[in-house]
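*Asks:* These protein sequence lines are chains X and R, in that order. With the working numbering applied, the first sequence corresponds to residues 2 to 136, in that order. With the working numbering applied, the second sequence corresponds to residues 325 to 495, in that order. One structure follows; several queries about it will come next.
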Amino acid sequence: TVGAVARDRHGHLAAATSTGGLTGKRWGRIGDSPVIGAGTWADDRSCAVSATGSGEFFLRAAAAHVVDQRMRLLGEDLQTAAEAAVAEVADLGGDGGLIAVSADGASAFAFNTRGMYRARCDSTGLDEIAIFAGE
Amino acid sequence: QIDWSLAIHGGAGTLSRKTITPDDETAVRAALAEARGAGVSILADGGSALDAVEAAVRALEDDPAFNAGRGSTVAYEGHFELDAAVMDGRTCAAGAVAGVRTIRNPVSLARKVMQEGPHVFLAGAGAEEFASLHGIEPAPDGWFEVERRRRQWDKFRKRKSGWFDADVKYG
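Right, here's the structure in full:
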């Protein structure tokens, strides 16, 4: 699975996710990636999110939307909300991660696996590419 | 003050320095840099977040290192079934496609569904028909196939049951 989230100079947010799914999937199996609110979400009032992981659990958690809801209803910052959403996925038995940006341009990674292919940058000079946890 | 911001991912899973060769790591980091650059060039020029995420994901879809577009995993019957979604934070407009088999960049089809379709989510043959009617680029023959994914599928078929996502456990 791949994905991107962005905030532009006008303060607008967007998210996109794309995937080939699982090796050997059948019966028209669909994971969270194309399901709005599970693997993909964007709302200028809060955040944009793209997820990757064990899709069935991200679907059940409505994981991407959880980040939005925690920010708007609980007042959490982006990183806290992102980590909480991944924790909810983990509580259901799933693993994976997500990327997010917020309306103020902050960005966040959260995952409970040993790694996630990821990169981010912004207009202040933040510039990261990482694979493994702890990088 | 952050004027613009971009983050991308290429999947998560059981990644470690034992499971990824140095050559693979170098290739993945280069691919991430290229995809990030595709999005940043748009944002730095004052372009929209929507254009930036589409450009970044298209670059990742075209790179065989990731499980999306070219390099996707192989489904049970030996074919490819791709899913994608786009959401615009300005309006909460959204578009999604699932189970498409012939579209080079499913993310662009999802965006077309969002912007020109009467529905949010299209699947299978109907999504393919919508793509054809709206001039979405098809994939060349054999575009999605990469040797590593076919080997994973062969391994899967020998198991005779279940499903799995081999090297990158998920994503």
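Note that beta-carbon positions come from the ideal geometry of N, C-alpha and C, so glycine has one too. If you're wondering where the values come from, they're calculated on a predicted model, not measured in any experiment.
Beta-carbon of alanine 490 of chain R versus every beta-carbon of chain X: anything under 8 Å?
*Replies:* Reading the second sequence from its first residue, position 166 is the one you call residue 490 of chain R. Low per-residue confidence applies at alanine 490 of chain R: pLDDT is 46, beneath 50, and the placement is therefore not dependable, though the value from the model is reported in the following sentence. Yes - at least one Cβ of chain X is within 8 Å of the one on alanine 490 of chain R.
*Asks:* Can you tell me which of X:Gly21, X:Asp44, X:Ala52, X:Ser55 puts its alpha carbon nearest to the alpha carbon of leucine 374 of chain R?
*Replies:* Here the question's residue 374 of chain R lines up with position 50 in the second sequence. Of the candidates X:Gly21, X:Asp44, X:Ala52, X:Ser55, the one whose C-alpha sits nearest the C-alpha of leucine 374 of chain R is X:Asp44.
*Asks:* May I ask you to report which of helix, strand or coil DSSP gives phenylalanine 404 of chain R?
*Replies:* Indexing the second sequence from 1 puts residue 404 of chain R at position 80. Phenylalanine 404 of chain R falls in the coil class under three-state DSSP.
*Asks:* Less than 8 Å between the beta carbons of leucine 79 of chain X and serine 103 of chain X, yes or no?
*Replies:* Numbered from its first residue, the first sequence carries residue 79 of chain X at position 78. Numbered from its first residue, the first sequence carries residue 103 of chain X at position 102. Taking 8 Å as the Cβ cut-off, leucine 79 of chain X and serine 103 of chain X qualify as a contacting pair.
*Asks:* In the DSSP assignment, find the alpha helix (DSSP H) that holds alanine 91 of chain X and state where it starts and stops.
*Replies:* For this step, residue 91 of chain X is matched to residue 90 along the first sequence. From DSSP, the alpha helix (DSSP H) with alanine 91 of chain X extends over 79–93.
*Asks:* Find the nearest neighbour of isoleucine 37 of chain X within the set R:Gln325, R:Arg481, R:Asp407, judged by alpha-carbon distance.
*Replies:* Counted from its first residue, the first sequence places residue 37 of chain X at position 36. Nearest of R:Gln325, R:Arg481, R:Asp407 to isoleucine 37 of chain X, Cα basis: R:Asp407.
*Asks:* Helix, strand or coil: which one does DSSP assign to isoleucine 132 of chain X?
*Replies:* For the purposes of this step, residue 132 of chain X is taken as residue 131 along the first sequence, with counting starting at 1. It is a strand residue.
*Asks:* Would you check if there are 3 or more beta carbon pairs closer than 8 Å linking the segment 78–92 of chain X to the segment 115–124 of chain X?
*Replies:* no
*Asks:* Which of the three DSSP states is assigned to phenylalanine 454 of chain R in this structure?
*Replies:* Within the second sequence, residue 454 of chain R is the residue found at index 130, counting from 1. In the structure shown, phenylalanine 454 of chain R sits in a helix (DSSP, three-state: H, G or I).
*Asks:* State yes or no: is the beta carbon of aspartate 347 of chain R nearer than 8 Å to at least one beta carbon in chain X?
*Replies:* Within the second sequence, numbered from 1, the residue matching residue 347 of chain R stands at position 23. Chain X, which has no Cβ nearer than 8 Å to the Cβ of aspartate 347 of chain R, makes this no.
*Asks:* Would the beta-carbon of glutamate 89 of chain X be found less than 7 Å away from any heavy atom of the ligand MN?
*Replies:* No copy of the ligand MN occurs in the structure displayed, which carries no ligand at all.
*Asks:* What is the DSSP secondary structure of aspartate 123 of chain X, reduced to helix, strand or coil?
*Replies:* Along the first sequence, one-based indexing puts residue 123 of chain X at 122. In this structure, aspartate 123 of chain X counts as strand in the three-state DSSP scheme.
*Asks:* Over the uninterrupted beta strand (DSSP E) stretch that includes phenylalanine 110 of chain X, give me the two end residues.
*Replies:* The residue given as residue 110 of chain X occupies position 109 in the first sequence. Counting along the chain, the beta strand (DSSP E) containing phenylalanine 110 of chain X begins and ends at 108–112.
*Asks:* Drop a sphere of 10 angstroms on the beta-carbon of serine 456 of chain R, count the other beta-carbons inside from all chains shown, and report buried for 16 or more, exposed for fewer.
*Replies:* Mapped onto the second sequence, residue 456 of chain R falls at position 132. Answer is exposed; the Cβ neighbour count stays below 16.
*Asks:* For the segment 4–25 of chain X, which residues have a beta carbon sitting closer than 8 Å to at least one beta carbon of chain R?
*Replies:* Going along the segment 4–25 of chain X in chain order, one finds Gly4, Ala5, Val6, Ala7, Arg8, Asp9, Arg10, His11, His13, Leu14, Ala15, Ala16, Ala17, Thr18, Ser19, Thr20, Gly21, Gly22, Leu23, Thr24, Gly25 with a Cβ nearer than 8 Å to chain R.
*Asks:* With DSSP as the reference, label serine 396 of chain R as helix, strand or coil.
*Replies:* The residue labelled residue 396 of chain R in the question sits at position 72 within the second sequence. The answer is coil: DSSP assigns serine 396 of chain R none of H, G, I, E or B.
*Asks:* Rounded to a whole number of angstroms, what is the C-alpha to C-alpha distance between glycine 524 of chain R and threonine 18 of chain X?
*Replies:* In the structure as shown, chain R begins at 325 and stops at 495. Residue 524 of chain R is therefore absent and cannot be evaluated.
*Asks:* Is there a Cβ from chain X that is less than 8 Å from the Cβ of aspartate 465 of chain R?
*Replies:* Working through the second sequence from its first residue, we reach residue 465 of chain R at position 141. Chain X contact via Cβ: absent.
*Asks:* List, in chain order, every chain R residue whose beta-carbon is nearer than 8 Å to that of threonine 81 of chain X.
*Replies:* In the first sequence, counting from the first residue as 1, residue 81 of chain X sits at position 80. Here the premise fails: no neighbours, minimum Cβ distance about 16 Å.
*Asks:* On a Cα-Cα basis, can you pick out the residue from X:Leu23, X:Val68, X:Thr20 that is closest to serine 108 of chain X?
*Replies:* What you label residue 108 of chain X is simply residue 107 of the first sequence in a count that begins at 1. Comparing Cα-Cα distances from serine 108 of chain X to each of X:Leu23, X:Val68, X:Thr20, the minimum goes to X:Val68.
*Asks:* For tryptophan 328 of chain R, count neighbouring Cβ atoms within 10 angstroms of its own Cβ and tell me buried if that reaches 16, exposed if not.
*Replies:* Residue mapping note: residue 328 of chain R aligns to position 4 of the second sequence, counting from 1. Result: buried.
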